[in-house]
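Written below as structure tokens is the structure these notes are about.
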Amino acid sequence: MRTLLLFAKYIALEESQKKIDLDHVAASFLCLKPFAKDHSAPLFGELQNRFKSVDIGEEFIADRYKNDLSSVLLSYMAEKPVLPFSDQVCSFLQELRPAASNDDWVSVTEIFVLPEMAVDYRESLKQLEQLKKALCEEVVGQEHAIEDLIDSMSKAVWQPQQNRPQGVFFFAGPPASGKTFLAERFAHHLKDEYQYRAFDMTQYSNANESFGLVGAKKTYDDSAPGELTTFVEKFPKSIIVFDEFEKAHTQVLLSLLRMLSAGFLTDEFTQKDIDFRNTIIVFTSNLGGTVYNKPDYLKTIVDQPVQARAAMLSHLRNETKIERSHEVKAIPPELLSRLSQGSIILFRSLGVNELMLLSGKQLNRELSFFTQKSKIDFLPYESDLTRLLLFTFAPFFDVRDIKSNITAKVVDPVTDFIRAHPESDFDQVQITLGADIKDMLANNELSEHFDALTLRGEVLYMEASCRANEQVLILTYSNPKQELLLHVDDVEADGGIILDMPDVGFDDIAGHDVVKQRLLETVRILNHREQLEHAGVEPPKGMVLFGPPGTGKTMLARALASEAGLPIATCSGTDLLSDNFIKELFIRVRKYAPCILFIDEIDALPKRGEAGPGADALMNRLLTEIDGFSKNKGAVFIVAATNRLDKLDEALLRSGRLDLHVHVPFLDKNARRWFIEKFLQLDVYEEAIDVDLIVSLTAGMSGADLEKVHRETVLQALSKNTGKIGQSTLLEEINILKYGAKRTLDKCAKMLAETAFHEAGHAVISKVLMPERIIEQISIVPREQALGMVAYNREQEIDYTKAFWFSQTCVALAGRAAQVKQFGDEGLDTGASSDLRQAMWSAWNPVAKYGMHPDSYNLDTTVLHEWSREVHFKSQTEKLVKEWLEEATLKTDQLVDQYWEQISKVAQALLEEEVLSEAQFKSLIE
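Here you go:
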């Protein structure tokens, strides 16, 4: 029929007519009649009867146009401007359709599209409105997309045919939002006019796979016509869906360009030009996640569709993919330009209300199927059943999964019961909800419960049990459990992202009361973002936790997320040394917003200007991503951890970025006591251990340090098979961690005595000059870091006055002074080298840096050096430092003489005990 009408068009144009009349169709039939393959076909007979009385000379017509019959001419005529049919031709074609429906020569689906133009315009719009209502009943939650689709179809009713497909649609949106389903239902309702074919474009990821669509030249092995071109040649009026088309290879996508621009595609095998102008083309894509995951954008789709379309196009231009190890545009620019000329239909993620509606429809429909087959009726059930069944698909709520499996959650327990009890005789099923399930649903508002399951990454489980009660089977759901889904590891080539919902709170963390109070303030900020925004205050984007290693920064970040009720995404600073990872990280995090992003050891990313342009680009990319959060109402709060705040780029810490800085110090006494008491409760330790002593000796230790002390103590006890662990063993492990392991030295009695008097001199003069300083222990046990030591309490606050610096100088010199007093020049050895260094430091600081000497008052020579890179006041500083040391030496010698009795007592005690505690030391000198 298409050939008949195209040739009729040719005859009308030859005669300079503005319409195709019935005479033109009759003349076309008389010319084509000799080429008919089957004169017995119903359509041929019908045409023969209709045109036998037409007053046109058959021989004249054949002679005049016989040389014009060619496929080239007909293809050329298809591209000529449209000529409308006369009313007489339109009526004739409508009457002719029944006769043509089963004919091999003419298929009703190949009737030239132009007769449809003559259908009453209002009737066409009426049919489209009916189609819209039908689609809205079937496709849940995408009414705006259906409206856009029908609007575009309405436009096609009055527009003249152009040299491109009748309709080109780009369905864009998140996975499982109904894009492919809408295309299928759209085609289903037009099945009387259009054939339907879908192509899964994930199967065309190789450059050569375009052969599968448009065929391969006969010179290739296994060449054949293309599936796409063959289908459209057979069914010119068809709906073609290219599903997830962005996943096809670029060359495959480019092979479709001519279809969109000229309305034709050449089959490479047959070399025929296939006409696509009567087709409707639908492309579906999941691209645009960064855009459609934003709550603001989802609202814009409905309220401001023009802006939403522009935003989507802008994003699609920047989307990329990897082909043969190279990054290329996800959609070739040429193809995207053609798509933008068509209709871009935007889909949004389904909310809980849409999912409830979809679930209810699916459940009712499939339960009716089960009843028809089994003859078992389901009694009316509570409305909460749909919600309960839907929420068992948390946290992902995949539409395909829901539609495929929701009814099975009802039917499977019933069929299981029948299989286990084949003798059972019931014809009705009553579904009930246990009291615990009713309480759970009553105590959780629908949308809040949905959001909580999604954000926390939790799964809802329940038990289903059946019992027969005469002719009724009672199916009961009970014992609901919400459990955290196993960690999701999004592992990339350059590192990994871990997403989970922490279950540790601030109450589970010992100590850090000040830090936890600051973090609680942050929790309040995160939970009241809308109030801040209403007051014109932009909520902070993030904070930095800084402090020594092992102080619990990671644990505090997880507790912050838990207290705020938010999931946390965790990665390492070393992962940020990849631009691709930074991009993937923030795409993933935005998807889970609102949430916490924790970046551990963020100082792995160097400051700009320190590691070359590559590192600078990474920092700039990170800053850009952080700034991008301000445009996303789905809040992402960044918590970064570092041991060195000064190593971070200043731009990262400035206002509007990570501008909350919280110092996480070593554990305080209460926190250390919590750890120590937890260890000492274990059966491996003796009961008579002085907790206060252990707490005082572990000052400056982190939780990780204490864990190590406990581990090493237990391992030592096991290796030596000493039974329960005593206090001395525990103290030794603390000293090993703080000062190093014991050294095995063949020390003679004289060397031990020298060390004893040396350390006693330090300790006694320290207590004389600075009685407020707490001495934890004095030891002459040789270790990796020293032959002996006087250990001070590290938690004690010190006021660095001039008197302190002078006293500190004297204490540093007191060890050698006591050793020389006892042993004369034989006691003058190299053991005081570190003491001399400490004495010089204690003299230089007050003189050169802090301006404490009367002759250098308020003068800081170090600042002058920093500014000018030159040494100023060098000779004066040297003179004053020398005077300070001379005065300290004189003062020390006097004190050693004055308190020699106490020094001797302490030295003798050290020779006997090797280690003296604070209490033992104080009893000796008092």
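Straight run, no breaks: the sequence shown in full-length UniProt numbering ends on number 926.
Beta carbons: idealized from backbone N, C-alpha and C, even for Gly.
Hey, out of the options, whose CA is closest to residue i's CA?
i: residue 678; options: 187, 707, 477, 596; result: 707
i: residue 886; options: 156, 371, 192, 839; result: 839
i: residue 237; options: 503, 688, 190, 204; result: 190
i: residue 759; options: 749, 781, 770; result: 781
i: residue 523; options: 558, 836, 861; result: 558
i: residue 791; options: 356, 917, 689, 753; result: 917
i: residue 354; options: 446, 267, 308; result: 446
i: residue 750; options: 864, 690, 828; result: 828
i: residue 336; options: 481, 922, 169, 718; result: 169
i: residue 623; options: 642, 611, 586, 612; result: 586
i: residue 176; options: 738, 396, 767, 710; result: 396
i: residue 501; options: 555, 384, 822; result: 555
i: residue 256; options: 324, 334, 202; result: 334
i: residue 513; options: 693, 560, 671; result: 671
In chain order, what residues of the same chain have a beta carbon less than 7 Å from the beta carbon of residue i, not counting five sequence neighbours either side?
i: residue 889; result: 813
i: residue 928; result: The requested residue 928 is not part of the displayed model; the chain covers only 1 to 926.
i: residue 450; result: 352
i: residue 131; result: 150, 189
i: residue 699; result: 793, 794, 795
i: residue 187; result: 194, 196, 239
i: residue 832; result: 815, 816
i: residue 911; result: 752, 753, 756
i: residue 787; result: 755, 831
i: residue 374; result: none
Excluding the 5 residues preceding and the 5 following residue i in the sequence, name in chain order all residues of the same chain whose CB lies nearer than 6 Å to its CB.
i: residue 389; result: 406, 409
i: residue 465; result: 476
i: residue 424; result: 468
i: residue 631; result: Model confidence at residue 631 stands at a pLDDT of 49, short of 50, so the residue's coordinates are unreliable; what they give is reported in the following sentence. There are no such residues.
i: residue 392; result: 460
i: residue 281; result: 165, 168, 240
i: residue 598; result: 557, 568, 570, 639
To which residues does DSSP link residue i through a beta bridge?
i: residue 473; result: 429, 468
i: residue 531; result: Answer by DSSP bridge pairing: none, since residue 531 is not bridged.
i: residue 663; result: 546
i: residue 404; result: BP columns for residue 404 are empty, so no partner.
i: residue 639; result: 543, 598
i: residue 461; result: 481
Can you tell me where the alpha helix (DSSP H) holding residue i begins and where it ends?
i: residue 542; result: Careful: residue 542 lies outside any alpha helix (DSSP H), inside the beta strand (DSSP E) at 542-546.
i: residue 167; result: It is not in any alpha helix (DSSP H) - residue 167 instead sits in the beta strand (DSSP E) that spans 167-172.
i: residue 436; result: 435-442
i: residue 677; result: 669-680
i: residue 694; result: 691-697
i: residue 259; result: 257-261
i: residue 387; result: 384-391
i: residue 343; result: Careful: residue 343 lies outside any alpha helix (DSSP H), inside the beta strand (DSSP E) at 343-346.
i: residue 309; result: 305-318
Tell me which same chain residues have a C-beta within less than 8 Å of the C-beta of residue i, skipping the five on either side of it?
i: residue 379; result: 428, 429, 430, 431, 472
i: residue 83; result: 9, 12, 13, 17, 18, 19, 20, 114
i: residue 262; result: 163, 164
i: residue 452; result: 444, 458, 565
i: residue 128; result: 150, 153, 154, 157
i: residue 118; result: Any reading at residue 118 is ruled out, since the residue's pLDDT is 43, under 50, leaving its predicted position unreliable.
Assuming residue i is part of the beta strand (DSSP E), what are its boundary residues?
i: residue 777; result: 775-779
i: residue 852; result: Careful: residue 852 lies outside any beta strand (DSSP E) and carries neither H nor E.
i: residue 121; result: Segment 121-138 is the alpha helix (DSSP H) holding residue 121; no beta strand (DSSP E) there.
i: residue 265; result: 264-266
i: residue 423; result: Residue 423 -> no beta strand (DSSP E), and no H or E assigned at all.
Practice item. Inspect the CB distances between the segment 646-653 and the segment 605-615 and report whether three or more fall short of 8 Å. Key: Because the criterion of three Cβ pairs below 8 Å is met, the segment 646-653 and the segment 605-615 touch.
Check your understanding: Does the segment 436-447 come close enough to the segment 500-517 to have 3 or more Cβ pairs within less than 8 Å?
Key -> Touching, no, given that fewer than three Cβ pairs across the two stretches are closer than 8 Å.
Practice item. For the segment 176-187 and the segment 211-226, state whether three or more C-beta atom pairs, one from each stretch, are separated by less than 8 Å. Key: No: fewer than three Cβ pairs fall under 8 Å.
Point to revise | Inter-stretch contact at 8 Å, needing at least 3 Cβ pairs: the segment 332-345 / the segment 138-153 | key: With a cut-off of 8 Å, the segment 138-153 and the segment 332-345 count as touching, because enough Cβ pairs lie within range.
Check your understanding: Is the segment 324-331 in contact with the segment 150-168, if contact means three or more CB pairs nearer than 8 Å?
Key -> No: fewer than three Cβ pairs fall under 8 Å.
**Study point:** Contact the segment 545-552 vs the segment 571-582: 3+ CB pairs below 8 Å
**Key:** With the cut-off at 8 Å, the segment 545-552 and the segment 571-582 do not touch.
Exercise for review: Please confirm if the segment 315-322 is in contact with the segment 227-235, defined as three or more CB-CB distances below 8 Å between the two stretches.
Suggested key: The segment 315-322 and the segment 227-235 do not touch, with fewer than 3 CB-CB distances between them shorter than 8 Å.
Review point. How about the segment 669-686 and the segment 525-536: do they share at least three Cβ pairs that are nearer than 8 Å?
Key: Short answer: they don't touch.
**Study point:** the segment 613-628 contacting the segment 659-674, beta-carbon criterion three pairs below 8 Å
**Key:** They do not touch, by the three-pair rule.
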